[in-house]
Every structure is written in structure tokens, then in C-alpha cells.
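Below: one structure, written as C-alpha cells.
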Amino acid sequence: MRVTGNTFTTNFLNQVTRLTARQQQLQTQAATGQRVTAPEDDPAAMQRVLALRAEQLGLTQFKNNISILQDRATNAFNALKGIKSLSDRAGEIATLADGTRSQEELKTYASEVTQMIKQAVHTMNSKYGNQFLFAGTASDQPPFTIETDADGFVTSVTYNGNTNVTENEISDGSSLTIDVPGANTTGTGARGVITDSRSGADFFNHLISLQNNLRDGNISAIASVDRPALAKDEENLIYHIGNNGVTQSRLETAKSALLSRTDSLEKMISKQADADLTETLVKLTQSQTAFQAALQSGATLMRLSLMNYLS
Amino acid sequence: MLGLFGTLNLGTRSLQTQQSGVEVTGQNLANVNNPAYARQRLQIQTSLTLQSQIGPIGTGAEAVTVEQLRNALLDGQIRGEESVGGYWLAQQNGLQNAQITLSEYLDRSANSVDGTSNSSSIGNLGLSSALTSLFNAFQSVATSPTSLADRQALISQAQTLATRFNNVTEGLTGLRDLLNASLTNDVNAANQLLTDIANLNDQIAKAELPFNGKANDLRDLREQKLEALAKLVDFETVTAPDGTFGISIGGVEFVSGKNVIDRLATLGRTGEFGGPNEIVVASANSQTALTVRGGSMAGTIDVRDVTLAQFGTDLDTLASALITEVNALHATGATGANFFEGTNAANIRVNADLISDPSQFQAGVAGEAGDNSIALALAKLSSKQIAGLGNSTINDYYGRLTGRFGQDLANANTQVSNYQTVSAALLRQRDSISGVSIDEEMANLLTYQKAYQASAKIVTTVDEMLDIVLNMKR
């Protein structure tokens, strides 16, 4: 093939431009560690990465959900534990209040029970953020309100919440209910903590009855009515505490599943989008060598023509 | 026998011939860097012989023509390749602009240290992360339905998404205007080239007819104009006996001989995909649209009417599905209000009432502050397969959209790179035939110079011989 001076220059320019473009591409890959940056780089990989990244972002949200739910479950657990210790003490008082106690002692117990009711109402009105924990979905107001008589004895405790509970998603397609209502007398849905028609629990009314019987010295009623009733409350509370534990362990399991899924997603994204650094650097070195060689040989050859040898 | 005077004439003719050779070499060397130039060669031929008793005797040599070294087939191939290149370069240019508008870039360094992304540092302006972030924001509200802060975050996330949709659509509209403008520029440039070619046809015919030679430099110039025109639009040529080129585009004759019969024009029309102010290439005489193939005109029209139009339609489908699905759920709340307003990607926006009061967002049934049923259903939309989107989820649909778009651009990139390779090979081939080589020309210069010196020697020798003859009688 006949080669002219300009063929040489044009070819040289083409080669150098191609090598420069290649070096630029490889350098970008080395600097970012990415093989794919824009859709044009590898459309199929980009499409897969978009889907994987959307899932990854979704998982981050599920992790946030879980930590909020864990906090809420812990708060609920603390409240239940508080109620449980009050229930224990109430059972103890109901047992202590027998014929051996004087009227004065019984009255002291009665006022202790009054204080316990107030304490229990306070505990059941616990909040997480601005949300009352035991109000069902009517969580913007305190679920329990208390009425006292002139002597300071509790006459009634009213439940203002409802029996609905919310569901929360903790992973794709998997939901769980973390909240429990303060009371449920409908016989369906989530069981109430204080009052529940299915288990026969009605803790506040049972405490009020104990308080009144202690105040009135009605020992036989305490033994025959209050003690068995309080035992039902105890059982109901144990059910809720157990339930809370199960929920927390489910959250923990879901969280570690999310973490391992996040790791594998990261690996999958990396496989699609990341550059093999060793390969990239080797290729970069190759192009750099070729670039230097092209410049050096080109510069030497292009200077020469017949002109150099004509006098 | 020529006689002394005859030989003197021979020497003079030879001097003139060698001088023409030097002139042609000079012309070649002067045009060494002119890409349109094809090298020329002086054709030298022995002049008429004289009959004598000892047989025919040569009278020297004379220059007959200056020939241009050009391969018409190669020129045709290069024109064809320029058309292909113009087409794909226009596609690549349009799609690259659209890619910037879409801003769907992957930045893995924006991820947090543990390898997970969080919505604030995703480092991405694309729709993909905005869509996922919206569903995440619905999840946040579902988890804490009474939290006003989460609602505010949700509304601002929804606004971000709506703005992204608006920006991409505006970007595509702007791009369509730019493509229309580029089409108008191409049409103007093509008209100028058609005029130039007709003028050159005229000059070539005038220069060649009386002298029976070839107007090499004018032909070079015309070839350059033809290649420039091929870059803009594909055309057919008809070579006339007088050396002029007739040009037809899309079956309509535009140049015949020295006359420009028709000119290109642009016609406005309402776009096939509903886009306003689209322009098409037309014949100025008949005012009807032309089917242009190849060249940047066809590339621009195709990228505007096929790839980008389809992309815009798909984006509208996506926005419309999102609006319908989200509104259908949100309207089941107490206010019955819509979450999004608008109907497509261009006009999607968040309900103004929600922006001014995020607590108006309906997370659940009326009167139950802690109910999250609606927010949860909205969050679950992310995995819902929607019939209007070909039974795919919103994110998958968008992913496919981006993938298809990327594929179009990657294809254009490959085609452009193919064009560059083929074009470089063809130009190399043409250069091997038509290119000027300094080495060659220097060697030719030496040859002509030596021949000139030798011819001068003939003249001086004959001169001396004539002196001797004249001095014979004193």
C-alpha cells in the first residue's frame, strides 16, 4: 500500500486519540472502582443494578422500621414488667389480707392498692414518641382515665382507646403486629393487656374491688373473689410478656436476615457494576506503554522525509 | 533530420515540458495538507515524429494533460459512509443529551461505609432513587403514623420525585427543540451546499468543454461539497456527459446541471407522539414531506420521533400509573383528597393542601391517629404489579425503561465507532491513491530538475554548434 506523509500523520493521530480515550476510560474505572457509571456503559447491568439498588434501599428502610419497632417493643415490655410487679404485689396483699390482720392494717393495704392503681394507670398511659402504646389505634390520647371519690379511693378506670392494632412491614411481604390494646372486650382481635374478655382479665376493676374489700374489711370476698380474679390477670400479663418476647425475637431474626441480604445484594451489585481493579490497572499500564511507544516512534518517524537527505 | 533549428526547438519544448512537471509538483506540494485535494500527474507524451531517410525521427516530448488520481468508486463509498456516520453521530448526540437529562448515574462511592445506601447520601439525581425513597417515606409514616416529622419528610420526598419527573420531561422537551433547531440548521446548510454544487457544476462544464481537459481542482472542491452534503442527508447522483452531477433526495430531483431545481424546506407538524412544533424535511416546491434516509437529518428525526418520543411516552405512562395508584389509596382516607395532582410526567405535583399541612396526609382510617393502613398499602405499592405497566412494578418498569434507553445509546456508540473505523480505512485507501507524498514529490522535483538541466544542455550545445556553423566562413 502506498503510504503518504499525511496517511502517516492521520493514522498516528487516530491511534493516539484511541489510546487516550482508552486510558481516560480505564483511569476513570480505576479512580471510581466502577465499570458501569451511566446506562450506556452496560445497559443490561445498569438495569439489574437499578433493581438491586432499589431493593437495597428498601432494606435500609426495613432496618429503620425494625429499630423503631424494637424500641417500641422494649418500651411496651418495660410497661408490662411494671404492671406485672404491681400484679405480683396485689396478689401478695390479697394473700396477706386474712383474719390475722387488724382493720387498720387492712386500710393501709387498701391505700397501697389505691396507689398501685394510680401507678398502673400511669404505666399503661406510657408513650413512645407522641404515640400512646396501649390505646390501640386511638393512640393520640391517654387510653386510661381514673376517677376517685372524696376520700381518694379509686372508683373507676375507663378505657378510651380502641381494639384496633397496626401492622408493620419488616421485610418484603412479611408483616407483624407489635402493639396490643389496653382492653379488648369484643372477644376477637388482639388480646387486651388490662381487660380481656377471653382470659377473664380485668385488672383495674379487680384492683378496685380489692381496694374496696380491704377498705371495708371484707376478708372473705378477698379470698373468694379477688384472689382468683387477680390470678386471671396474672395469667393474662404473663401471656403478654411472653408474646412481647416472641415479637422481639422475631424482629431480631428479621434484622439479621436483612443484614445478610444487604451483604449479598452488595456483592451482587459489585459483581455487576464494579471494575476488577487488577485487570483495570494491568490494562491501564498496557495502554500507557502503547501510548508512550506511539508518541516516541511517531515523533521520530514524522520528522524524517526525503528533505532531510537532499542538499 | 531535424536540423539544428529543429533540435533547438526540441530542447525548448523539453524545457517547457519539464517546467510544467515542476509546476504540477509545486501544486501537489502546496496542497499536501488540503484534505479535498487529489494529487495530479503530468502526462508526457512524445511529440510527432518526422519521416526521414533513416526512418522516423523523434521531435522530443510534450505535456498533454494534467491527470488527477482519483477513484470514483472509493469516492462513492466514502460519501455513503459519511451518510451512515452523520446518521449515527446525530443519534449519539441526541441520546447523550437525553442521558444527561435523565441523570441516572451510578455513584457507588456515595454509599455508606457498611455498604448500604441511605436515602440522603445516595448521591444520585435519577428517578430510580427518588421512586424508592418515596416508598421508603411511606414506610416511615406507616411505622410511626403519628409522627409529623415523618409526614413532612414524606411530602418533601414526594415533591422531589414530582420535580424530577417534571425536570426530565422539560429536559426532553428542550432537547426536542434543540433537535428541531439542528434540523433547521442542517436544511439551511444542505441548501447552501446544493447551490454550491450547482455553481461548481456550471464552472466545471465551462472549464472542461472548450479545452477538452479536466477541471481537477473544481472537481476536488465539488467532491468535498458532496461529502459534506452526504453527512447531512443521503442522496442519489446522476453523472451527465458534460461532467455535471444531478442530485436527488428522497426521489425528488434537486440539482440538475447548473440549476438548483428544488430546495429543502422545513414543515411544522404536530408530532406523532403528541409533541408540538415538530418539524420535518420537505421539498420547497411541492411543500410535501420528504422521506430522508441517512445523514444527520434522518438521525435527528429518528432520535426525536422514535427513541426519545417513546421514552417520553413511557415516562408519562409511569407517572400516570403512579398518580392513579397512589391517589386511589390516599382518597380512601377521611379527606378523600388526592395525594398527587396532574396526569403525566410533565404536570405531576403534590397536592398543595398536603404541602401546606402535611398532617393532612391520610395514613389511616378517620379518627384513629395511630392507624397506618393506608400508608402501609401505599408502601406496598412498590412491589405491586401494575396492569398499566405491563404487569411489572413501578421500579422494574423504570429499570426496563433505563435499560432500553441505555441499549439505544450503547448501540449508537458502537455504530459511531464502527463508522470511524470504516471511514478511517476508506480514507486511508483514498489517501493511498490520491494523497500527496512529500517524498514522492521531492523525487519528482529532482527528476524534472535534472531533465530541465539536461534539456538546457541540449539548447546550449545546439547554440555552440550554431556558433561553429556561423564561424565556418570568416
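Heads up: the sequence lines are chains A and B, in that order.
Just so you know, the first sequence maps onto residues 1 to 311 in our numbering.
Just so you know, the second sequence maps onto residues 312 to 785 in our numbering.
Beta carbons are placed, not taken as given, at the ideal position from N, Cα and C, and that holds for glycine.
What's the gap between the Cα of residue i and the Cα of residue j?
i: B:Lys-788; j: B:Val-770; result: Given that chain B is displayed from residue 312 to residue 785, the structure contains no residue 788 of chain B and the question cannot be resolved.
i: A:Val-3; j: B:Ser-748; result: 8 Å
i: B:Thr-495; j: A:Ala-290; result: 43 Å
i: B:Ile-779; j: B:Ile-355; result: 33 Å
i: A:Leu-68; j: B:Leu-720; result: The question names Leu, yet the displayed sequence has Ile at residue 68 of chain A. A:Ile-68 and B:Leu-720: Cα-Cα distance of roughly 44 Å.
i: B:Val-452; j: B:Arg-462; result: 6 Å
i: B:Asp-510; j: B:Ala-595; result: In the sequence on display, residue 510 of chain B carries Asn and not Asp. Approximately 20 Å between the Cα atoms of the pair.
i: B:Glu-373; j: B:Gln-327; result: 8 Å
i: B:Gly-699; j: B:Lys-569; result: 58 Å
i: B:His-641; j: A:Met-124; result: 32 Å
i: A:Gln-119; j: A:Glu-147; result: 14 Å
i: B:Leu-687; j: B:Thr-628; result: 24 Å
i: A:Ile-328; j: A:His-240; result: This structure cannot settle anything about residue 328 of chain A, because the visible part of chain A is limited to 1 through 311.
i: B:Ala-501; j: B:Val-592; result: 11 Å
i: B:Arg-419; j: A:Phe-62; result: 21 Å
i: B:Asn-345; j: A:Thr-9; result: 13 Å
i: A:Lys-84; j: B:Gln-468; result: 43 Å
i: A:Ser-297; j: A:Ser-287; result: 15 Å
Would residue i and residue j qualify as a contact pair, given that the criterion is a beta-carbon distance under 8 Å?
i: B:Asp-742; j: A:Thr-7; result: yes
i: A:Asn-236; j: A:Ser-199; result: yes
i: B:Leu-756; j: B:Val-333; result: yes
i: B:Ile-389; j: B:Ile-666; result: no
i: A:Leu-50; j: A:Met-268; result: no
i: B:Leu-413; j: B:Gly-437; result: yes
i: B:Ala-754; j: A:Leu-306; result: yes
i: B:Tyr-416; j: B:Ala-609; result: no
i: A:Ala-97; j: A:Ile-219; result: yes
i: B:Gly-554; j: B:Ile-612; result: no
i: B:Gly-717; j: A:Glu-40; result: yes
i: A:Leu-210; j: A:Ala-94; result: yes
i: A:Gly-189; j: A:Ala-183; result: no
i: B:Leu-340; j: B:Glu-775; result: no
i: A:Phe-134; j: A:Val-165; result: no
i: B:Ser-693; j: A:Gly-173; result: no
i: A:Thr-145; j: A:Asn-160; result: yes
DSSP puts residue i in a beta bridge; with which residues?
i: B:Gly-579; result: B:Ile-590
i: A:Arg-350; result: Outside the displayed range of chain A (1 to 311) lies residue 350 of chain A, so it cannot be described from this structure.
i: B:Asn-570; result: B:Ser-567
i: B:Gln-356; result: B:Glu-373
i: A:Glu-147; result: A:Ser-156
i: B:Val-661; result: B:Phe-651
Identify, in the order they occur along the chain, each residue of the same chain with its Cβ nearer than 7 Å to the Cβ of residue i, setting aside the five sequence neighbours on each side.
i: B:Leu-380; result: Ala-349, Arg-350, Arg-352, Ile-744 and Ser-745
i: B:Gly-369; result: Thr-357 and Thr-360
i: B:Gly-681; result: Pro-456 and Thr-457
i: B:Ala-690; result: Phe-446, Phe-449, Gln-450 and Ala-453
i: A:Lys-232; result: Ser-199, Gly-200 and Ala-201
i: B:Val-563; result: Asp-573, Ser-594 and Leu-601
Here's the rule: buried if 16 or more other CB atoms are within 10 angstroms of the residue's CB, otherwise exposed. What is residue i?
i: B:Pro-669; result: buried
i: B:Thr-772; result: exposed
i: A:Ala-293; result: exposed
i: A:Met-302; result: exposed
i: B:Val-424; result: Here B:Val-424 scores only 40 on pLDDT, less than 50, and its place in the model is too uncertain to base an answer on.
i: B:Pro-521; result: exposed
i: A:Ser-102; result: exposed
i: A:Met-116; result: buried
i: B:Val-375; result: exposed
i: B:Glu-589; result: buried
i: B:Val-544; result: buried
i: B:Ser-428; result: Confidence is the limiting factor: at B:Ser-428 the pLDDT is only 40, short of 50, which leaves the residue's position unreliable, though a coordinate-based value still follows. Under this definition B:Ser-428 is a buried residue.
i: A:Asp-276; result: exposed
i: B:Met-312; result: exposed
Looking at the ligand ATP, does it come within less than 7 Å of residue i, judged from the CB to the closest heavy atom?
i: B:Ala-688; result: For the structure depicted, the ligand ATP is absent and the ligand set is empty, with no information on it obtainable.
Please return the same chain residues whose Cβ sits closer than 8 Å to the Cβ of residue i, not counting the five positions on each side in sequence.
i: B:Ile-508; result: Arg-533, Lys-536, Leu-537, Leu-540, Phe-556, Ile-558 and Val-566
i: B:Arg-711; result: Ser-703
i: B:Ser-455; result: Asp-461
i: A:Tyr-309; result: none
i: B:Gly-426; result: Low local confidence applies: a pLDDT of 39 at B:Gly-426 is under 50, so the model's placement there is unreliable, with the coordinate-based value given in what follows. For B:Gly-426, where only same-chain residues beyond five positions count, there are no Cβ hits under 8 Å.
i: A:Thr-37; result: Thr-28
i: A:Arg-227; result: Gly-91, Ala-94 and Thr-95
Among residues of its own chain, excluding the 5 on either side of residue i, which ones have a beta-carbon nearer than 6 Å to its beta-carbon?
i: B:Leu-319; result: Val-773
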